[in-house]
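Number of protein chains: 2
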Amino acid sequence: MKQLEIFKALSNKTRLEILLWLKDPAASFPEQVHAGFEVGVCVGEIQKKAGLTQSTVSEYLSILQRAGLVSSTRVGQWTYYKRNEETFIELSKIIESDI
Amino acid sequence: MKQLEIFKALSNKTRLEILLWLKDPAASFPEQVHAGFEVGVCVGEIQKKAGLTQSTVSEYLSILQRAGLVSSTRVGQWTYYKRNEETFIELSKIIESDI
DNA sequence: AAGGTATATCGACTTTTTCCGATATCCCTA
DNA sequence: TAGGGATATCGGAAAAAGTCGATATACCTT
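If you want it as structure tokens, here you go:
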């Protein structure tokens, strides 16, 4: 686990918000037409909620993904992102003992 | 607890190293002449070990302090910094449940 | 095959962070 | 109270991150 990359990914207000939204997609986003929330939430929905441009949000999601905090699944023309809970658990342990 | 500020403070290689060194000062620094390690480690020792300028290290320490990760004690002309373990514990809990 | 929609990538500009040298402040001792 | 040592603060140059609009790519539908 590359802690530094994770902390950098978490050092941005919008990215922290995205992670929170993804914690409870049903509460945070309107119903998705093309897939249930099990696969995650598509970029477009996240973008609308974040209020930044499509390119910025896409970039943010790949920063979160490179840090291992989310993972993505492509389904048709949509890419769905969801949280990677194992990374959060690992991170919490690292903070308890390795930092 | 201001998570964003904490994550920013942790987003730097040298600052992470400093926190690690402060975890076991006796193993990381030469014996201090003017005080035992209970009060912390003085800026000069940290600076030597970090290999950056005095001003940079002083600045880094205050970033860590503003984030609540370390605290300082002035004794004579020395300022001793030590870890604030409660913040690390809190942070680990926040990651488990609030992020 | 063509057009449309969703996402990713690129290039540019702005803002923030990194890190330095110089200087100021604080405190000790002669 | 003057000089010296330790730390803090200031101002700036360079590098990185934030953010955008434009364009490319991928895929779906007709």
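Residue numbers (the UniProt record's numbering), protein chains in the order written: chain A, 1 to 99; chain B, 1 to 99. For every residue, glycine included, the Cβ atom is placed at its ideal position computed from N, Cα and C.
{"Check": "Under 9 Å from the C-beta of Gln3/B: neighbouring residues of chain A", "Outcome": "Leu10 and Leu16"}
{"Check": "C-beta contact flag for Ala50/B and Ile18/B at 8 Å", "Outcome": "yes"}
{"Check": "CB-CB length for Ser11/B against Phe7/A, believed under 8 Å", "Outcome": "5 Å"}
{"Check": "Partner residues on chain B for Lys13/A, Cβ-Cβ distance less than 8 Å", "Outcome": "Leu4"}
{"Check": "Ser71/B at chain A interface by Cβ criterion, 8 Å", "Outcome": "no"}
{"Check": "Contact test: Glu38/B Cβ vs the ligand MG heavy atom, cutoff 7 Å", "Outcome": "Ligands are entirely absent from the displayed structure, and the ligand MG is therefore not among its contents."}
{"Check": "is_contact[Glu96/B, chain A] using C-beta, thresh 8 Å", "Outcome": "yes"}
{"Check": "Chain B residues whose Cβ lies nearer than 8 Å to that of Phe29/A", "Outcome": "None at all; the shortest Cβ gap to chain B is about 18 Å."}
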